[in-house]
Each structure stands twice: as C-alpha cells, then as structure tokens.
Amino acid sequence: MTQLQENIFEKIAARKKELAGKALILCHHYQHEDVFQFADLTGDSLKLAREAAESGKYPYIIFCGVHFMAESADILTDDDQAVILPDLNAGCPMADMATVEQVASAWEELEQACPGQKIIPVTYVNSSAAIKAFVGKRGGSVCTSSNAERVLSWALERGDKVFFFPDEHLGRNSSKALGITEDQIVLWKRDEKRGGNGVEKLARAKTILWNGYCHVHQEFMVEQITHWRQRIPGIRIIIHPESPWEVVRLADQYGSTEGIIAAVQASEPGSSWAIGTEVNLVKRLQKQHPDKNIYLLAPTPCTCTTMSCITPANLLWVLDNLAEGKIVNQIKVDAQTASGAKLALDRMLEI
Ligand code: 13P
Ligand code: SF4
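So the sequence shown is numbered by numbering that gives the first Met the number 0: it starts at 0 and just counts up by one.
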C-alpha cells in the first residue's frame with residue numbers, strides 16, 4: 000500500500016466515525032477491496048434494494064455500485080433521504096442497451112403483432128428508472144438475478160407472454176429453467192422492425208427477449224468449463240445467469256452474486272470451484288476461503304470497469320462534503336418516474 004492510499008484510508012475511516020448514524024455505505028459485491036472494506040452493508044442487487052428500503056433512519060445513503068442501483072435506492076428510500084453515487088460515470092453498459100423510447104416503440108409493435116394477447120413486461124433491475132416506470136404502469140415487475148424465475152412465472156400466470164428486457168441471457172436462462180422451449184423464446188433485436196421477427200413467431204412466443212447483454216459475463220465460454228473439468232475432476236462450476244445459456248447449462252449451478260457467495264460458503268473444506276463472474280468477487284472469495292481451491296473460470300480476469308469508477312478517492316470526496324453539510328452527486332429520480340418505477344419495484348419485493 001502506498002503512503003497516499005494509507006492516508007486516504009485513514010481519512011475515510013475518520014469521516015465514517017464522524018458521520019456515524021447519518022451516512023450509510025452500501026456496497027455491491029463487485030466493488031474493489033479498497034472500497035469494499037468501508038461498506039456498512041453489502042449485497043447483490045436484490046439485497047441492496049431491500050437494505051435501501053429499510054434504511055429510514057439514515058439521511059445519506061452512499062451507494063458504491065452503479066447508476067441503476069442508486070436510482071432504485073432513491074425510489075425505495077424516503078423523500079428526505081439523499082442517495083449519493085461517488086462517481087456519476089459508474090453506469091451499467093447493459094442497462095444502456097435499452098432506452099425507454101426504444102422499449103415504448105417496440106411495445107407498440109409487439110402489441111400490434113399479437114392482437115388479443117396479454118403481454119406482461121418484466122425488466123431486469125439493470126435498467127433505467129424510466130423503463131421501470133414504463134413496466135410498472137403496464138402491470139409488470141422488476142426482477143433481479145436472484146428472483147428472475149419467480150418473477151417470470153408470476154408474469155406468465157397473468158398473461159399470454161412476457162416481454163423481457165434488457166438482458167437476453169438472464170431472460171433465456173430463466174425461461175429454460177421454467178421449461179419454456181426454444182421455439183417459444185424469441186429474440187427481439189433492438190432497432191429492427193418487429194425486432195427482426197415475423198408476426199407468427201411473435202404470436203407463438205412465451206418470452207420475448209431484448210438483445211442486451213453484459214460484456215463481462217459474455218466472456219464465459221464452453222471451452223473454459225471443459226478446461227476446468229479436465230484439469231480438476233470433481234470441480235464445481237458456478238456462474239452468474241447473465242452468462243450465455245450454452246455455458247450456464249454446462250455449469251453445476253448458477254446464481255446471483257449473493258447466491259454464488261452462499262454456495263461457496265456452504266461447501267466443505269478442500270472443495271474446488273471455478274467461478275464465472277466479476278473478478279473482484281472471485282478474488283474476495285479466494286481470500287475468505289483459503290481452505291478451498293477457488294479459480295477464475297476465464298483465463299483472464301473479467302472486470303466491470305464501470306463498477307471500478309468508485310474509488311477510495313471519490314468516496315472520501317463525498318464524505319468530506321457531507322461533513323461540511325454538502326450533498327454532492329445526488330441521484331434523484333423525478334417524482335412521476337419514481338412513482339411508476341416504485342410500482343414495479345414493490346411488485347418484485349412482494350413476489
Ligand atoms: P447481482 O444482482 O447478482 O449482484 O448482479 C448485479 C450485476 O450487475 C451483475 O452483473
Ligand atoms: Fe452491468 Fe455487467 Fe457491470 Fe453488472 S457486471 S454492472 S451487468 S456491465
């Protein structure tokens with residue numbers, strides 16, 4: 000550790016003490032250890048959304064994660080609480096693959112292609128507040144990687160088909176887990192007429208999946224699974240469901256970041272794991288479980304560069320400002336969007 004880093008860490012620790020009871024630091028599992036060490040609460044998207052919803056006594060929520068997570072936190076917290084994202088560049092490229100304008104025009108086309116059929120929209124939490132509001136107003140729900148199957152079956156009980164955005168892979172993995180067949184799963188290619196599909200195909204579909212993806216989880220491949228199985232017989236492979244179906248189907252398990260942690264924690268000493276998710280989480284698990292053999296699934300580390308926008312330096316900058324009574328980088332969703340999005344988020348929390 001450099002002297003400069005040490006100084007920053009000391010200052011953060013001192014500011015945290017000073018702001019105890021006022022500022023709550025929420026950290027996603029993909030945060031680098033330098034930031035993660037200062038978390039008051041950690042979690043996957045679902046857990047962090049729940050923590051935010053229950054954080055009523057804290058006036059300031061500092062979100063060490065990405066933009067859509069901070070937006071959800073703002074929607075779920077009280078009006079007098081401020082949600083802060085230490086770097087406004089911390090976005091999610093997958094969430095940016097669907098704008099509300101694109102979704103609204105696709106929705107109209109889909110409705111025209113499927114007259115008399117009830118379509119339920121479901122959006123992955125990795126999406127803008129505007130898309131969540133669009134979904135909320137049309138009777139749909141948000142889902143996360145830990146409840147996508149549950150939310151999808153809830154939606155299919157209420158309609159003939161589901162329009163799912165923006166993650167194709169989470170949509171396909173969850174559809175397959177529910178026994179939906181390949182011919183009932185249709186890919187909607189954004190910016191193509193009717194998503195590149197014929198009317199009959201859309202009418203037959205059970206789930207229609209927006210063609211967004213996470214570049215981090217897109218890195219995982221079938222050959223990597225074959226490699227580990229050959230190298231270490233009996234190794235367990237666990238992977239995040241944002242990864243492609245061909246890979247997920249060959250893994251032993253899949254799960255949200257919280258699910259991956261729980262699976263490794265519950266395993267017996269000496270067990271071997273190859274883990275397909277962001278490198279910071281895998282490295283943390285390696286440190287926390289020296290009695291287990293934990294490997295990165297891919298040969299090179301898969302990094303979410305936007306998650307890494309949050310650094311000790313900008314965390315300290317936020318804390319320094321709060322100590323002076325100034326709120327910087329506040330994430331505020333406008334009241335109208337927030338009320339629509341809250342419908343979709345609350346539905347998920349109920350399901
Ligand atoms: P989790 O909800 O599983 O933590 O996933 C969030 C995410 O963005 C994964 O890429
Ligand atoms: Fe978005 Fe992928 Fe980063 Fe998660 S890992 S925040 S889905 S880009």
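Note that beta-carbon positions come from the ideal geometry of N, C-alpha and C, so glycine has one too.
Closer than 7 Å: Leu45 CB and nearest ligand 1 heavy atom: Leu45: yes, Cβ under 7 Å from ligand 1.
Residues of its chain near Gly339, where Cβ-Cβ distance is below 6 Å and the 5 sequence neighbours each way are ignored: Closer than 6 Å at Cβ, skipping near neighbours: Ala132, Gly135 and Lys136.
Contact set, ligand 2 heavy atom to C-beta under 7 Å: Working through the chain, the matches are Tyr29, Val65, Cys91, Pro92, Met93, Ala94, Asn125, Cys213, His214, Val215, His216, Glu241, Glu277, Cys303, Thr305 and Met306.
Nearest neighbour of Cys113, chosen from Ser271, Glu148, Asp43 and Gly158 [CA to CA]: Closest by alpha carbon: Gly158.
C-beta atoms of Tyr57 and Gln80 nearer than 8 Å: With a cutoff of 8 Å on beta-carbon distance, Tyr57 and Gln80 are scored as near each other.
Beta carbon of Ser307 nearer than 8 Å to that of Asp43: In this structure, Asp43 does not lie closer than 8 Å to Ser307 by Cβ.
For Lys311, the first and last residue of its enclosing alpha helix (DSSP H): The sequence shown places Pro at residue 311, rather than the Lys named in the question. Pro311 to Ala322 is the span of the alpha helix (DSSP H), which, as asked, contains Pro311.
Through-space distance from Leu280 to Val215, alpha-carbon basis: Cα-Cα distance, rounded: 13 Å.
Neighbour-count burial assignment, Asp182, 16 or more Cβ in a 10 Å radius: Burial state of Asp182 is exposed, judged by a 10 Å Cβ sphere holding fewer than 16 other Cβ atoms.
Ligand 1 heavy atom lying under 7 Å from the CB of His226: No, since every heavy atom of ligand 1 falls outside the 7 Å radius drawn around the Cβ of His226.
Which of helix, strand or coil DSSP assigns to His27: Reduced to three states, the DSSP call for His27 is strand.
Spatial neighbours of Ile74 in its chain, beta-carbon cut-off 7 Å, leaving aside the 5 residues before and after: So the list reads Ala128, Val332, Ala337, Ala340, Lys341 and Leu344, once near-sequence residues are dropped.
Distance CB(Pro243)-CB(Gln217) smaller than 8 Å: Yes, the pair counts as a contact, with Cβ atoms nearer than the cut-off.
Distance cut-off 7 Å: Thr180 Cβ against heavy atoms of ligand 4: With respect to small molecules bound, the structure shown includes ligand 1 and ligand 2 and not ligand 4.
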